[in-house]
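Input: a single structure, listed below in structure tokens.
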Amino acid sequence: MLEILIYILLGIGIFFNVLAGVGLLRFPDVYTRLHAGTKCTTFGSIFICGSVIILGLKMWYQGSTDGSVLAIHTVGALVAILLTNPTGAHAIARAAHKSGVEPVGAVVDSLRKKSTKKAVKKKTEVKE
Amino acid sequence: MIAFIVTTIICFITYLLLTTGSGTIGLWSREELLFGFILSLIVGFVTGRIFVKEDFRMLNPVRWLTFIAYAIGPFFMGMAKANIDVAYRVITGKINPGIVKISPDLKTDLGITMLANSITLTPGTLSVDIDEDKNDLYIHWINVNEEALKGESVDCKYICGNFDKWIRRIAE
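So the protein sequences, as listed, match chains A and H.
Be aware that the first sequence starts at 11, since it is given in the working numbering, and climbs by one per residue.
Be aware that the second sequence starts at 13, since it is given in the working numbering, and climbs by one per residue.
Okay, structure coming up:
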């Protein structure tokens, strides 16, 4: 019974990770690709880690101390993924925008207005 | 002094979690317990002042319980919705992107970090840049809602629902 649950969680996780890969190929620019790359991989990894944690708890319940190692270390890995994945995506997006990559087909871009205003200010200061 | 004790306890708990299954006292061996305790004392002494800043608001267990409730309830639901939304866009290819500004009006660094990470992991939004003077966030939005664009900055409720209220309760 528990094995079926583990397989279902593993299946959901793999489905979302595959979707992230497809998204990376299909989307037009770096920002939309980051959408696919962060959300789907994090969500998929939660389910894969969940299945490993259930397996570890089951082994622990059956009396093997390896099970506790497996479960607790996987929780640690999950926390690390949840903290670092959005932070890394934010860093990449910020770097891309600073180096002048424009979002494809953007309806509105508030950030560009702000940065051009700043650049104009700097130029006028230099002239004075 | 409180900073030193808090950092030592957190380090010791982390060490114990990473070395389960090594022996017979509970789950740990005597050597691991002793060595972990000495290491935590050293780390707590050296980094206590960096780890805990001037105030101790985050030591309040009510805030931790609120954080856990937030992570399991509204945050996980938002994430599930985000993934179904992105899955739909991956398959159909319909996008309408743009970068908008929101003013969540949070004051602490921890609060704005949590909000930015929550935004990145929830429906169709990705935090791109931050205005550090006013704590405004610039968000890449994959499907821009035309109604939201009327004002100077976009209302929070279109981007992050009621996350800002939760985070204000946790971190401020």
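Beta carbons are placed, not taken as given, at the ideal position from N, Cα and C, and that holds for glycine.
These numbers were taken from a predicted model, which means no experiment stands behind them.
- The beta carbons of residue 153(H) and residue 86(H) sit about 19 Å from each other, so the pair does not count as a contact at 8 Å.
- For the segment 43-63 of chain A, the set of positions with a beta-carbon nearer than 9 Å to some beta-carbon of chain H reads 44, 45, 46, 48, 49, 50, 52, 53, 54, 56 in chain order.
- Residue 39(H) has its alpha-carbon roughly 44 Å from the corresponding atom of residue 136(H).
- Under the 10 Å beta carbon count, residue 133(H) is surrounded by 16 or more other beta carbons and is classified as buried.
- As the crow flies, the alpha-carbon of residue 126(H) is around 30 Å from that of residue 32(H).
- For residue 78(A), DSSP assigns no beta-bridge partner whatsoever.
- In summary, the residues of the segment 27-42 of chain A whose CB is separated from some CB of chain H by less than 7 Å are 29, 32, 33, 36, 41, 42, in the order they occur in the chain.
- By alpha-carbon distance to residue 94(A), the top candidate from 52(A), 21(A), 79(A) is 52(A).
- The beta carbons of residue 60(A) and residue 29(A) sit no closer together than 9 Å.
- Within the model, the alpha-carbon separation for residue 20(H) versus residue 35(H) is close to 22 Å.
- Under the Cβ criterion (8 Å, minimum of three pairs), the segment 61-75 of chain A does not count as touching the segment 29-44 of chain A.
- DSSP places residue 113(H) inside the beta strand (DSSP E), whose first and last residues are 110-114.
- Within 10 angstroms of the beta-carbon of residue 141(H) lie 16 or more other beta-carbons, which makes it buried.
- The beta carbon of residue 47(H) is closer than 8 Å to none in its chain, skipping five residues each way along the sequence.
- According to DSSP, residue pairing for residue 72(H) in a beta bridge does not occur.
- Residue pairing of residue 141(H) in beta bridges, as defined by DSSP: 150(H).
- The beta-carbon distance between residue 52(H) and residue 88(H), rounded to whole angstroms, is 32 Å. This is too long to meet the 8 Å contact definition.
- Here residue 107(H) carries a coil assignment [DSSP, helix/strand/coil].
- DSSP lists 37(H) as the beta-bridge partner residues of residue 40(H).
- Considering only 177(H), 28(H), 139(H), the residue with the shortest C-alpha distance to residue 103(A) is 139(H).
- Take residue 96(A), set aside five residues on each side of it, and the residues of its chain with a beta-carbon closer than 7 Å to its own are 48, in chain order.
- In this structure, the beta-carbon distance from residue 81(A) to residue 44(A) does not fall below 9 Å.
- If you compare the alpha carbons of 27(H), 106(H), 117(H) with that of residue 49(H), the shortest gap goes to 27(H).
- Beta-bridge analysis with DSSP links residue 155(H) to 108(H).
- Residue 148(H) and residue 114(H) do touch by the CB rule: their CB atoms are close to 7 Å apart, below 8 Å.
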